[in-house]
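See below for the structure under consideration.
2 protein chains.
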Amino acid sequence: MQHQKLATIEDVAALAGVSIATVSRAINEPTKVADETRRKVTEAIARTGYTTNAMARSLRMRRSNMILILAPDVGDPNFSNILVGLETEASKRGYGVLIGNTQNDPARETDYLRFISSNQADGLILFTGHLPYGFGQDGTEGRLPPMVAVNEPVPNAEVPFVGVDNFEGARIATEHLISQGHRRIAFVGRSSAREVNRLREEGYRRALAGAGIAIDPRMIIDGDGTTESGRAAAELMFVRDALPTAFFCVNDATALGVIISLNARHYDLPRQFSIMGFDDISFSSFVTPSLTTMKQPRHRIGEAAMELLLELLAGEKPHEQQVLLRAELIVRNSVTRVG
Amino acid sequence: MQHQKLATIEDVAALAGVSIATVSRAINEPTKVADETRRKVTEAIARTGYTTNAMARSLRMRRSNMILILAPDVGDPNFSNILVGLETEASKRGYGVLIGNTQNDPARETDYLRFISSNQADGLILFTGHLPYGFGQDGTEGRLPPMVAVNEPVPNAEVPFVGVDNFEGARIATEHLISQGHRRIAFVGRSSAREVNRLREEGYRRALAGAGIAIDPRMIIDGDGTTESGRAAAELMFVRDALPTAFFCVNDATALGVIISLNARHYDLPRQFSIMGFDDISFSSFVTPSLTTMKQPRHRIGEAAMELLLELLAGEKPHEQQVLLRAELIVRNSVTRVG
DNA sequence: ACCATTCATGAAAACCTTTACATCATCACA
DNA sequence: TGTGATGATGTAAAGGTTTTCATGAATGGT
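Line order of the protein sequences matches chains A and B. Residue numbers for the first sequence follow my numbering, so the first one is 1 and each next one is one higher. Residue numbers for the second sequence follow my numbering, so the first one is 340 and each next one is one higher.
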């Protein structure tokens, strides 16, 4: 019932009648060992059921083949979808994936660093948008481990970033609305503090400018990206009595808020108003009307980020400080032709 | 820029003017060392920035303080919500959490076992509903590591299980429908092969029996728990022309299918039909009408499972082979009073 | 027939801890 | 003063690898 003692490399060596060095080589550098010897070793391994003790190996090699993933909210679907890509790529390359849920708690962020400083993880994937608390500030400066930011870039730090091209995506989204005949297009979710919101607004502006449409400041509404902020924004437009024919929302959560507000006022969607989101989160296809939106290539973001991190670990200089992947237009029912 | 050599226990010992054994004790069994010595050691640790090398420690102690979580789909929201609970509890007890995405691929399942056999993980949390491929079959029999199943029990194996009480939850759900005056209640999602479906059907039957309502076999429709199966089931009922006043669906995905079908037929929900789900997945509050359902206590399931696993690891015999937590009735708009 | 390579293997060091055991001082008690 | 117990510390082994260096055999070229 209990964990019996496992076979070690010595057991294998004894059974195969060679030294442990040879066994090690037969496993890790098969070409460096004679065919006949290799055969004997392989058989001995099979007979003993030997597996290399990863602890001993890591201790000796000074690397664990583990990657620590630090995220503020592990339950967030955005996180978990990127995680799939991260895990797939890591596993393909023989790496394991360790997860840390920080809940934006500085204490927990610091705590998780022990995995790095104790050699339990070789590299770091950051979802948090900032360096873990306890890093870059004191003398530990130069000791930053290899890391890659995902989802949100890390400002004021030289951390490579992999994410979606928000500017380009927002431009495509807005152009789609324009191509459907819309001229009065609102942007819901302005927030100068948030990089993501800023970039998406920028793409929106570029698309309008490109189509020769003047920008009406009343069409740009503040919002922090929550559903509630979307609801409030729509209400505000009714109060102001400055109505668009289409809402481009900074994200799907915001779009949902707008839809809730419009439904509550008994408008017939999408006939009377078109709504465009961004992200393609899971409920977007279920809401009525189902949401036309820009899909983030989450799986690929994860893969690309892990790929980049592993390059860094291998000592290669990264080709670029930033990898931006294109979002994909998903046409559903919330946007219709107008005019 | 590069990872400089880290301080070891010897550096600390030298600086504090004691032996490495004393340093180790000062860290792990502080009471066994004199106050003054402990002070010197603590200071030396601070000065050197020493952290114990987890690899060396694990090698010596024959345990890694890591738990491997094996799941068929890491992207599944059901998984990630339970994961939060697992991670929280593990981290609280000083354990790290390693995740493995198997995609139900036998090769990947086997592959992940190396974490166990190579001592990189001390225990296992199983989301898969079966032993990892490559276990229990050959001679490796008795060597099963400590593990706990979650989400789905493992049939024919003595693996402790933590999950929701499906029977009880289904009973409560059905009783809620009955309390709203419904007598003709359909059960959508019968499947004798699936344990979950079987238990929920059982709870449904018990509730009807308890209320003295005869069971009409035409009210029980097959389904595998997918949205499509829910849609098909509803259509089937129209073909058969045997209509209920309420649908109790084996899960929310199925309920969504039923809603889609009824909406397509332009019924006015929930006035003409009530719909009850089970699980409370994320979109349930967004669909129209928003879904009345049974909420799985996912966070607590995770915590309880990890708690149980850590007890097992500590060598304690588990009090029970199965921990069932109660689902909570979430009242939204898809169920109304009738008659 | 001799020398220089090349190739296959082995011995032993190093990676960094924890801990069993030994040592030594101190103290209480008779 | 002598004895036994107690408490603090040190020495050294053990945990299982990888890898450097050394050794010896075989090979190839002259």
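For every residue, glycine included, the Cβ atom is placed at its ideal position computed from N, Cα and C. A quick note: this is a predicted structure, and the numbers were derived from the prediction, not measured.
If you check the beta carbons only, do residue i and residue j fall under 7 Å apart?
| i | j | result |
| --- | --- | --- |
| residue 596/B | residue 570/B | yes |
| residue 672/B | residue 636/B | no |
| residue 185/A | residue 244/A | yes |
| residue 128/A | residue 77/A | no |
| residue 581/B | residue 600/B | no |
| residue 49/A | residue 70/A | no |
| residue 455/B | residue 487/B | no |
| residue 436/B | residue 428/B | no |
| residue 660/B | residue 499/B | yes |
| residue 9/A | residue 23/A | yes |
| residue 55/A | residue 394/B | yes |
| residue 592/B | residue 630/B | no |
Starting from residue i, follow the beta strand (DSSP E) in both directions and report where the run begins and ends.
| i | result |
| --- | --- |
| residue 497/B | Per DSSP, residue 497/B belongs to no beta strand (DSSP E) and is neither H nor E. |
| residue 529/B | 524-529 |
| residue 667/B | 667-669 |
| residue 301/A | No beta strand (DSSP E) holds residue 301/A; the alpha helix (DSSP H) holding it covers 298-313. |
| residue 558/B | Per DSSP, residue 558/B belongs to no beta strand (DSSP E) and is neither H nor E. |
| residue 613/B | 613-615 |
| residue 455/B | Unbroken run through residue 455/B is the alpha helix (DSSP H), 445-456; no beta strand (DSSP E). |
| residue 223/A | Note, residue 223/A: premise wrong, no beta strand (DSSP E); not H, not E. |
| residue 126/A | 123-126 |
Residue i by DSSP, collapsed to three states: which one?
| i | result |
| --- | --- |
| residue 293/A | strand |
| residue 287/A | coil |
| residue 659/B | coil |
| residue 144/A | coil |
| residue 7/A | coil |
| residue 91/A | helix |
| residue 139/A | Low confidence applies here, because residue 139/A scores a pLDDT of 43, under 50, leaving its location unreliable and the question unanswered by this model. |
| residue 509/B | helix |
| residue 149/A | strand |
| residue 2/A | Here residue 2/A scores only 40 on pLDDT, less than 50, and its place in the model is too uncertain to base an answer on. |
| residue 664/B | strand |
| residue 339/A | coil |
| residue 516/B | helix |
| residue 407/B | strand |
Which same chain residues, not among the five before or five after residue i, have their C-beta less than 6 Å away from its C-beta?
| i | result |
| --- | --- |
| residue 16/A | 40, 41 and 44 |
| residue 662/B | 501 and 643 |
| residue 200/A | 166, 170 and 250 |
| residue 247/A | 186, 188, 258 and 275 |
Enumerate in chain order the residues of its own chain whose CB-to-CB distance from residue i is below 8 Å, with the five nearest sequence positions on each side excluded.
| i | result |
| --- | --- |
| residue 25/A | 32 and 33 |
| residue 269/A | 259, 262, 263, 275, 288, 289 and 334 |
| residue 377/B | 365 and 369 |
Does the Cβ of residue i have 16 or more other Cβ atoms within 10 Å, making it buried, or fewer, making it exposed?
| i | result |
| --- | --- |
| residue 462/B | buried |
| residue 274/A | buried |
| residue 109/A | buried |
| residue 271/A | exposed |
| residue 155/A | exposed |
| residue 120/A | buried |
| residue 151/A | buried |
| residue 212/A | exposed |
| residue 445/B | exposed |
| residue 315/A | exposed |
| residue 351/B | buried |
| residue 451/B | buried |
| residue 173/A | buried |
| residue 400/B | exposed |
| residue 28/A | exposed |
| residue 666/B | buried |
Taking the continuous alpha helix (DSSP H) assigned at residue i, which residues delimit it?
| i | result |
| --- | --- |
| residue 282/A | Residue 282/A -> no alpha helix (DSSP H), and no H or E assigned at all. |
| residue 602/B | 591-603 |
| residue 587/B | Per DSSP, residue 587/B belongs to no alpha helix (DSSP H); it is in the beta strand (DSSP E), 585-588. |
| residue 236/A | 227-240 |
| residue 203/A | 195-210 |
| residue 398/B | 393-400 |
| residue 97/A | Where residue 97/A is concerned, there is no enclosing alpha helix (DSSP H), although the beta strand (DSSP E) it sits in stretches over 96-101. |
| residue 27/A | 20-28 |
| residue 45/A | 35-48 |
Starting from the C-beta of residue i, find all residues in its chain whose C-beta is less than 7 Å away, skip the five residues before and the five after it, and write them out in chain order.
| i | result |
| --- | --- |
| residue 433/B | 404 |
| residue 545/B | 510 |
Tell me whether residue i counts as near the ligand MN, meaning its Cβ is closer than 6 Å to at least one heavy atom of that ligand.
| i | result |
| --- | --- |
| residue 395/B | Questions concerning the ligand MN fall outside what the structure shown contains, since it holds no ligand whatsoever. |
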